[in-house]
Amino acid sequence: MTNPNQHFFDLLATQPGESLPWLQALRIRGNTSFAETGLPTIKREEWKFTRMEPLENTAYVLATDEHTTQNVDLIPSAFDTNRLAARLVFVNGGYRDDLSHNSNLPNGVFCGSLRSAVAAGASWVQGALEQSDNGLENPMISLNTAALRDGFAIFVPRGAVVDGVVEVVSLNGGTNASLAVFPRNVIVLEQNAQAFVSVHENGLGDAQCFANSVSNIQLAQNANLSLAVLGEQGSNATSFYANLVQQSRDSRFNSFNLSLGGGISRTEQHISLEGEGAECRLDGTYLMRGEQHCDHTTRVDHRVPHTTSNEMFKGVLDDRARAVFQGKIVVHPDAQQTDGQMLNKTMLLGDGAEIDSKPELEIYADDVKCAHGATSGQIDETALFYLRTRGIPEHLARGLLVQSFVGEVVDRIADTELRDYVLSRIMDWLLGNASNAGEQA
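Under numbering that gives the first Met the number 0, think of the first position of the sequence shown as 0, with each following residue one higher.
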């Protein structure tokens, strides 16, 4: 029987070398770890509900500079261009300087490619990358580490505030080959620094593509980072995205994730609250149709007293789509006065749609306030009937109810322009559903 992992080992063997011993050591460590585990299977508890079958059956080709330099139609920005402090564009994992700009940044701020930051000898890059997998035994993160090539890198020095938006655009696919890309990203905010980063993951066409992206994020004392990840991969894309976040005293991390499109996707967030007063908020919404599959897996470790976490994920599934939500809050010994809240709600529009929700609390302290909840159900027929009696066509009535359902989590987006953009993408999805319903009728 052919080893389903062999083509990934073949890819790693072709990875270009680097002259830096610490980077080579990091890759070797990732390669060794991946060799021990192989691709994740449903036999692993944390992968019980998600099988990335294309990874076992597709002979992927490692993206090279040739795939990076192809002509692309750049997607419009989600923001007014006057608000952009920087725009970083990556095509099939490689940085495109000709499509990017970073001229509106405060002194000392770096926004660019990981490769250029490493070449410049930035010590903060090495420190963040050597954080590596944060002690996780995660085969997908190990694979990314082994294949580490490029990605985005953002550094905000002590006391600096980036007033505008740092927008990162990642375009994958667009070739006849089944490409594999492994972006590795770094975000470091020093004490009292502040930034807003928006990452747009977008597919180029419907070719087979595997995108494995990992971000190491370090927030020093009183740092404040808002991060949005908008996932809109191609219909035959398989994607994995992970944030590995370390938070110091009184730091703030607010994230929002939109999952819209793609064949199979999994997003992981691993948050380590390591300083008193640290807070994180993890929000997201997912809209899937057909036979699409998305997975949101989170873990928040409250390691010290007086830390706060709040999670809300809401999704809508139609046809035979499937979603997974796995959330775990871990309160470590002596982490008193912890406040951890988690909620997952899913609306099922299709009879064949399915949600697997697994919220968990693991508490080793006695003075805490923690709660979790998960619900799923079909559209409210009473409310639908009420709207129909007011003369609203059924497809519009359903759209209004769906929009109201996900609106609770979208309204938590602080940035009004991002909130409007997310709502517009949700409306486009709903209009697509209405069109499909009309064709079937």
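Positions of the beta carbon are idealized from the N, C-alpha and C atoms, including for glycine.
Ile270 bridges to which residues according to DSSP?
In DSSP, Ile270 forms a bridge with Val244 and Val299.
According to DSSP, is Ile186 helix, strand or coil?
Correct three-state label for Ile186: strand.
Is it the case that the Cβ atoms of Gln207 and Asn171 are separated by a distance below 7 Å?
Not closer than 7 Å, so no.
Starting from Phe324, follow its DSSP beta bridges and name the residues at the other end.
For Phe324, which the question treats as bridged, DSSP gives the partners His295 and Ser356.
Using alpha carbons as the reference points, say which of Val164, Cys110 and Ser238 lies closest to Asp79.
For the residues Val164, Cys110 and Ser238, the minimum Cα distance to Asp79 belongs to Val164.
Are the segment 268-276 and the segment 284-298 in contact at 8 Å, needing three or more beta carbon pairs?
With the cut-off at 8 Å, the segment 268-276 and the segment 284-298 touch.
Where Glu380 falls, given that 16 or more other Cβ within 10 Å makes a residue buried:
So Glu380 counts as exposed.
Using DSSP with H/G/I as helix, E/B as strand and the rest coil, what is Ile216?
Per DSSP, reduced to three states, the secondary structure at Ile216 is strand.
Where Ser308 falls, given that 16 or more other Cβ within 10 Å makes a residue buried:
Looking at its Cβ environment, which holds 16 or more other Cβ atoms inside 10 Å, Ser308 is buried.
Among Gln232, Ser258 and Val213, the one whose alpha carbon lies nearest that of Asn242:
For the residues Gln232, Ser258 and Val213, the minimum Cα distance to Asn242 belongs to Val213.
Within 10 angstroms of the Cβ of Gln439, are there 16 or more other Cβ atoms? Answer buried if so, exposed if not.
For Gln439, the predicted structure reports a pLDDT of 44, less than 50, and the residue's modelled location is therefore unreliable. The matter cannot be settled from this model.
Can Phe252 and Val244 be called in contact, C-beta distance under 7 Å?
Yes, the pair counts as a contact, with Cβ atoms nearer than the cut-off.
Using three-state DSSP, classify Tyr363 as helix, strand or coil.
The answer is coil: DSSP assigns Tyr363 none of H, G, I, E or B.
Please name the residue, chosen from Tyr94, Arg26, Val124 and Leu348, that lies closest to Val187 on a Cα-to-Cα basis.
Relative to Val187, the option among Tyr94, Arg26, Val124 and Leu348 whose CA is nearest is Val124.
7 Å CB neighbourhood of Asn4 in its chain, flanking five on each side removed
Contacts found: Gly37 and Leu38.
If you reduce the DSSP assignment to three classes, tell me which class Asp333 lands in.
Asp333 sits in coil when the DSSP states are folded into three classes, being neither helix nor strand.
Looking at C-alpha atoms only, which residue of Ala127, Ala334, Leu229 and Phe239 is the closest neighbour of Asn143?
Checked all of Ala127, Ala334, Leu229 and Phe239; the closest Cα to Asn143 is Phe239.
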